[in-house]
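Trainee:
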Amino acid sequence: MSELRFECTQCGRCCRNNGEFAHVYLNDRESDALAEHLGLDLVAFLERHTFVDEYGWTQLRTTGARCVFLDVDTNQCGVYEARPTQCRTFPFWRETVRDGAWTPEVREICEGVGRGRLYSIEEVEVQMRAMEQAED
Ligand code: SF4
Ligand code: SF4
């Protein structure tokens, strides 16, 4: 893998429905963290903000083709401190990097890839592993 450039412009596109990137999955730890952050008990959080898909995975709900927690006026995440790992690690996912370069699919969604600071192989790997651990 080569090194990759990235700088988030806060455009908010990754928090809106974007085909294969439309889904925000939650593991149990992430659901607990979000519930606590919002001051809800877990059951109330799950009922209000998530659904279980046809494969049994828990996902964040969307509203108006965007994540329920995206503030449309500011493009800010309303649960930033407790956001799921997939949000923390985007765009450094195994499926967004191919042959050491950003894929065309992620380039289409994220205007921050290919610009800004150069991330070392080690930094990219840390993000990718965090994402994989969240999926376990
Ligand atoms: S939880 Fe926050 S960062 Fe993740 S998709 Fe929703 S608004 Fe975006
Ligand atoms: S799409 Fe990319 S540049 Fe835009 S908010 Fe998401 S990570 Fe940042």
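The number in the working numbering is simply the position in the sequence shown, starting from 1, with 1214 added. Cβ coordinates follow ideal geometry from the N, Cα and C atoms, glycine included.
With Gln1347 as the anchor, note down where its beta strand (DSSP E) starts and where it stops.
Mentor: Note, Gln1347: premise wrong, no beta strand (DSSP E); alpha helix (DSSP H) at Ile1335 to Glu1349.
Trainee: Tell me, please, whether the stretch 1254-1268 touches the stretch 1297-1305 by the rule of three or more beta-carbon pairs shorter than 8 Å.
Mentor: No, they do not touch.
Trainee: Contact between the stretch 1323-1337 and the stretch 1275-1283: three or more CB pairs below 8 Å?
Mentor: No, because fewer than three Cβ pairs between the stretch 1323-1337 and the stretch 1275-1283 fall closer than 8 Å, the two stretches do not touch.
Trainee: What is the residue span of the alpha helix (DSSP H) that Val1320 lies within?
Mentor: Val1320 -> alpha helix (DSSP H) spans Pro1318 to Ile1323.
Trainee: Here's the rule: buried if 16 or more other CB atoms are within 10 angstroms of the residue's CB, otherwise exposed. What is Ala1258?
Mentor: By the neighbour-count rule (16 or more Cβ atoms within 10 Å), Ala1258 is not buried but exposed.
Trainee: Mapping DSSP to helix, strand and coil, what is Cys1228?
Mentor: Cys1228: helix per DSSP, three-state reduction.
Trainee: Quick one: what's got a C-beta closer than 7 Å to Ala1247's C-beta in the same chain, skipping five residues either side?
Mentor: Closer than 7 Å at Cβ, skipping near neighbours: Ala1296.
Trainee: For Val1238, verify whether its CB is less than 6 Å away from any heavy atom of ligand 4.
Mentor: In the structure shown, ligand 4 is absent; the only ligands present are ligand 1 and ligand 2.
Trainee: Can you tell me where the beta strand (DSSP E) holding Val1257 begins and where it ends?
Mentor: Segment Leu1256 to His1263 is the alpha helix (DSSP H) holding Val1257; no beta strand (DSSP E) there.
Trainee: Output the distance between the C-alpha atoms of Pro1305 and Ala1249, rounded to the nearest integer angstrom.
Mentor: One C-alpha to the other measures close to 25 Å.
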